[in-house]
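Structure first, then comments.
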Amino acid sequence: MEDGGRKELGLSQLLTDIKKHYEKIIHRNRMELDACINTQLLEVSDAEMNKNEDSLQAARAELNNARRQWQTLQLEIESLHALQKGLENSLQVTEQRYEVQLKNLASVIREMEGELHGVRRDIEHQVWEHELLLNTKMRLESEIAMYRSLLDREEDRLSGATSSGCQSSLSSLSQKDMALPSAAAIASHLEQRIQMVTTQEIRGQNAVAGSSKAHGKIQSEKVDEVIKEWECSFFKDNPHLRKKSTSLRFDLHLAATDESCSQTKQGSLPDIELRLVMRKSSSIPSLKS
């Protein structure tokens with residue numbers, strides 16, 4: 001019984017010792033495991049912290065870069081705003097300048113149109129004057145030709161006449177050494193006088209048109225002087241020709257046509273039309289053949 005009791009005590013003691021030994025092993029393993037876990041946790045946390053710190057530094061670098069870009073863009077925007085303002089000001093100045101230039105050009109165009117209108121009026125007036133002078137010249141030439149033919153016939157009559165009055169007049173003319181002017185000389189003299197008067201009228205008209213009434217009277221006086229001079233040169237010392245021959249008289253009608261010239265200078269001649277008309281004087285009988 002004692003041996004059995006001792007064996008049970010020894011076995012329980014052994015189990016107790018084994019239990020304590022394994023408890024120590026378990027405690028030691030637990031401590032080691034906790035230390036390993038803590039070490040791993042520290043390592044992981046350090047790695048994560050390092051990683052997060054790198055990310056944070058990268059984020060800070062990106063933020064700084066973004067700030068620098070934002071500042072650069074802000075400066076560009078401000079410069080663009082200043083450029084826009086300058087362009088708007090220059091555009092406004094350019095518009096004002098070109099508006100003034102357009103107004104000046106419009107006024108120049110109006111002036112040139114007025115001048116062109118005046119030039120056209122002057123050209124039309126000159127064409128009208130040219131046609132008028134051409135018609136006058138044609139009428140004068142035809143009437144001069146008629147007058148020459150009449151003078152030639154009259155001279156033929158006078159040369160063929162055998163009356164004593166003509167002989168006495170011719171003898172008196174030969175004694176006084178005076179000769180009757182020929183038809184050609186008379187026509188030439190008359191043509192020169194008409195050309196002179198016409199030239200004076202044209203020059204006066206080109207200078208400036210004057211008052212139609214006053215200068216028409218002046219031209220009438222000139223024409224009267226021409227007629228008197230011609231009559232004196234033709235009928236001088238031949239009174240029988242004045243009585244017997246056909247009176248060949250020139251009526252130079254001066255028609256003032258300065259209706260288009262409202263403002264003229266004093267002393268200038270108006271536009272006139274010279275009409276050379278031959279007519280027989282009703283008071284002097286014609287010669288009988």
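All residue numbers for the sequence shown refer to UniProt numbering, where the first residue is 1 and numbers rise by one. Note that CB positions come from ideal geometry on N, CA and C, so glycine has one too.
Sorted by chain position, which residues of the same chain lie with C-beta nearer than 6 angstroms to residue i's C-beta, five sequence neighbours on each side aside?
i	result
H17	Note that residue 17 corresponds to Asp in the displayed sequence, not to His. Cβ within range, chain order: n/a, list empty.
I77	none
S174	Because the pLDDT at S174 is just 46, under 50, the model does not fix this residue reliably, and the value given afterwards should be weighed accordingly. Nothing listed; no residue qualifies.
Y22	none
K20	none
Going by beta carbon distance, what residues of the same chain come within less than 7 angstroms of residue i, once the five residues before and after it are set aside?
i	result
N64	none
E95	none
Note down, in chain order, each residue of its chain lying with its Cβ closer than 8 angstroms to the Cβ of residue i, except the 5 sequence neighbours on either side.
i	result
L73	none
L170	Unreliable placement is indicated for L170, whose pLDDT of 48 sits below 50; no coordinate value is reported for it.
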